[in-house]
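Heads up: the structure comes next, in structure tokens.
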Amino acid sequence: MKIYLHIGVGKCASSSIQSFFSKNFKQDTFAYACLNKDGTIDTGRKLRVQAQNIASGYRKSCSLEGIDRLFLANFELSLTKLSSSYQSILFSNELWIESEEQFSYLSSVLSKYTVEVIMVVRPPVLWMNSAWWQWGRWSGISEDEYVSKNVSKQWLNAYNFYNSLPYINKVHVLSLSDNVMDSVFRIVGFNGSNLPVPKSNQASSQELLTFMTDNRELRTGVHNAAKELILNKHLKSRTKANWVLSKSNIESLLEKTRESNVELSRLIVNENICENSAWWDSSFYKDRVMERNHQIDHSTLNSMLLEAYQLIIRLHHQKSTPIPKYLKSEALRLEKENIRLAYDLINLAYDLNPTNPSIKCKVQEYHEKLNRTSLLSRLKRLLCFKR
Numbered sequence: 003m004k005i006y007l008h009i010g011v012g013k014c015a016s017s018s019i020q021s022f023f024s025k026n027f028k029q030d031t032f033a034y035a036c037l038n039k040d041g042t043i044d045t046g047r048k049l050r051v052q053a054q055n056i057a058s059g060y061r062k063s064c065s066l067e068g069i070d071r072l073f074l075a076n077f078e079l080s081l082t083k084l085s086s087s088y089q090s091i092l093f094s095n096e097l098w099i100e101s102e103e104q105f106s107y108l109s110s111v112l113s114k115y116t117v118e119v120i121m122v123v124r125p126p127v128l129w130m131n132s133a134w135w136q137w138g139r140w141s142g143i144s145e146d147e148y149v150s151k152n153v154s155k156q157w158l159n160a161y162n163f164y165n166s167l168p169y170i171n172k173v174h175v176l177s178l179s180d181n182v183m184d185s186v187f188r189i190v191g192f193n194g195s196n197l198p199v200p201k202s203n204q205a206s207s208q209e210l211l212t213f214m215t216d217n218r219e220l221r222t223g224v225h226n227a228a229k230e231l232i233l234n235k236h237l238k239s240r241t242k243a244n245w246v247l248s249k250s251n252i253e254s255l256l257e258k259t260r261e262s263n264v265e266l267s268r269l270i271v272n273e274n275i276c277e278n279s280a281w282w283d284s285s286f287y288k289d290r291v292m293e294r295n296h297q298i299d300h301s302t303l304n305s306m307l308l309e310a311y312q313l314i315i316r317l318h319h320q321k322s323t324p325i326p327k328y329l330k331s332e333a334l335r336l337e338k339e340n341i342r343l344a345y346d347l348i349n350l351a352y353d354l355n356p357t358n359p360s361i362k363c364k365v366q367e368y369h370e371k372l373n374r375t376s377l378l379s380r381l382k383r384l385l386c387f388k389r
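The sequence shown begins at 3 in the working numbering and counts up one residue at a time.
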């Protein structure tokens, strides 16, 4: 079995990759898979159901802190089971690009498979401005401090590390572009030509970012973005986030990443970045005006408040959410092949909508089926024991 590891970079189509494959989780002998904190692996329809109940709307693999013997044992067993059904699987987590030590620990398991890494990069200056609003703004340091702290994160270093691991057969480097998903499809052997690619995790508007900055309880830390994702999904888009990099920031980034970018240009397979001045030339950014004084005027705030009130009223008038209906339909589809999973899904639907009589009826039906199955299993074991 071939294993593909999409490791990032963050703010480089990671959410689009994860959102697409959470919905299109299987094709022929390929599967999208999500690694859990205990080393087990989720695949199939379960991913789609789980994604429905996450603020982001998609599933991705866990971070790799706390790897122990139990994790490795579960990981190995899960991969062995998957290898009997699939020829290739894809894992994705954009933070894995900084998980070098952890991936060294996984060699005992992954060395038994053909493993390839996928990393997507973009011009460092554009990435830094986007990264500031995604993470830096909530870290408690200034824009200049954030640039200085992160300029050393050169993606060539990550490439060199993963390429040096004995169990990694190949590292694919892609440039963020309009057709980057086509390149991902080609690498993993997925036919996605007729399937819509969602633009997930769209950047929040400047107005929403400013409001959240003034009300930090909405985002208490660097990686606590769930509430922002929810608000961004339901509130209409306004102006783009401000450009926060100074001329000296831009020149410093271009100078300090130039050498590694030259090396990257030889590795990137979907674009000739030598012809993209965003990687090399400060004049590309001459029309970007730095704005670090982030304020929100009264009329805009009033408009956002009215929009929020209208949303609350719409939600109040909705008799039921589509999620219980979706969970019920998935349970009905699975009841013959996996009654246990169907029971778990219908129970979740019941928790969300306990007054629905058809859902309540199915809960009782599945419960009785499981009891009968359990009783038959005990009888079989008893008969075998007596023999």
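C-beta atoms are modelled at their ideal positions from N, C-alpha and C, and glycine is treated no differently.
### Message
DSSP three-state label for LEU231, please.
### Response
helix
### Task
Would you mind sorting THR357 into buried or exposed? The rule is 16 or more other CB atoms within 10 Å of its CB.
Residue burial annotation: THR357 is exposed, with fewer than 16 other C-beta atoms found within 10 angstroms of its C-beta.
### Alpha-carbon spacing of GLY10 relative to ILE19, whole angstroms
10 angstroms
### Task
Below 7 angstroms CB to CB, which residues in the same chain sit around ARG50 once its five sequence neighbours on both sides are set aside?
SER24, LYS25 and PHE27
### Query
Which whole-angstrom value describes the C-beta separation of ILE5 and LEU112, a residue pair presumed to lie in contact below a C-beta threshold of 8 angstroms?
Confirmed, about 7 angstroms.
### Option in LEU269, ALA243, ASN274 and CYS276 with minimal Cα separation from GLU293
ALA243
### Query
What's the gap between the Cα of ARG342 and the Cα of GLN29?
24 angstroms
### Query
Are ILE338 and ILE361 closer than 7 angstroms when you measure CB to CB?
According to the sequence shown, residue 338 is Lys rather than Ile. Result no, Cβ atoms of LYS338 and ILE361 do not sit closer than 7 angstroms.
### Query
What's the C-alpha gap between SER279 and MET3?
Cα to Cα, the separation comes out at about 40 angstroms.
### Query
Given a threshold of 16 other Cβ atoms within 10 Å of its Cβ, counted over all protein chains shown, does CYS14 qualify as buried or as exposed?
buried
### Query
My guess is that THR302 and GLU209 are in contact by the Cβ rule of under 8 angstroms, so how many angstroms apart are they, rounded?
5 angstroms
### Query
Taking the C-alpha atoms as reference points, what is the distance between SER144 and ILE69?
34 angstroms
#### Entry: Complete runs of the alpha helix (DSSP H) confined to the segment 137-215 [at least 4 residues]
Taking only runs of at least 4 residues, the alpha helix (DSSP H) segments lying wholly in the segment 137-215 are 145-152, 157-166 and 182-190.
### Query
Of the residues ASN274, ASP353 and HIS296, which one's Cα is nearest the Cα of SER179?
ASN274
### Message
Applying the 10 Å Cβ sphere with the 16-neighbour rule, what's the burial state of GLU332?
### Response
buried
#### Entry: Alpha carbon of GLU257 to alpha carbon of ASN272, nearest angstrom
24 angstroms
### Message
Suppose you measure from the CA of ASN165 to the CA of SER195; what does that come to, to the nearest Å?
### Response
30 angstroms
#### Entry: Backbone secondary structure at VAL122 - three-state DSSP
In this structure, VAL122 counts as strand in the three-state DSSP scheme.
### Query
With C-beta atoms as the reference, is VAL1 less than 7 angstroms away from ILE270?
No answer is possible for residue 1: it lies beyond the span of the chain, which begins at 3 and ends at 389.
#### Entry: Between the CA atoms of LEU158 and GLU265 - distance to the nearest angstrom
7 angstroms
### First through last residue of the beta strand (DSSP E) which encompasses SER94
90-94
#### Entry: Rounded separation between HIS296 and GLY142 - CA only
15 angstroms
### Own chain partners of TYR60 with C-beta closer than 6 angstroms, once the 5 adjacent residues on each side are dropped
GLN20, SER21, SER24 and ALA53
### Query
How close, in whole Å, do the beta carbons of SER94 and SER16 come, if the pair is a contact with beta carbons under 8 angstroms?
7 angstroms
### Task
Give the C-beta separation of ILE325 and LEU354 to the nearest angstrom, bearing in mind that I take them to be a contact with Cβ-Cβ under 8 angstroms.
6 angstroms
### Query
Which first and last residues belong to the alpha helix (DSSP H) in which ALA75 is found?
71-85
### Task
For the beta strand (DSSP E) containing ILE43, list its first residue and its last residue.
Start and end: 43-45.
### Task
Ignore the nearest five residues each way along the sequence and tell me which others in THR259's own chain have a CB closer than 8 angstroms to its CB.
Take THR259, set aside five residues on each side of it, and the residues of its chain with a beta-carbon closer than 8 angstroms to its own are PRO126, VAL153 and GLN156, in chain order.
### Message
Given a cut-off of 7 angstroms on the beta-carbon distance, is the pair VAL117 and ASN171 in contact?
### Response
yes
### Task
Under 6 angstroms Cβ to Cβ from LEU97, same chain only, skipping five residues before and after it: list those, please.
SER65
### Task
Could you work out which residue in SER87, ASN76 and GLU78 is closest to GLY46 when comparing CA atoms only?
SER87
#### Entry: C-alpha distance - LEU237 paired with ASN217, whole-angstrom precision
17 angstroms
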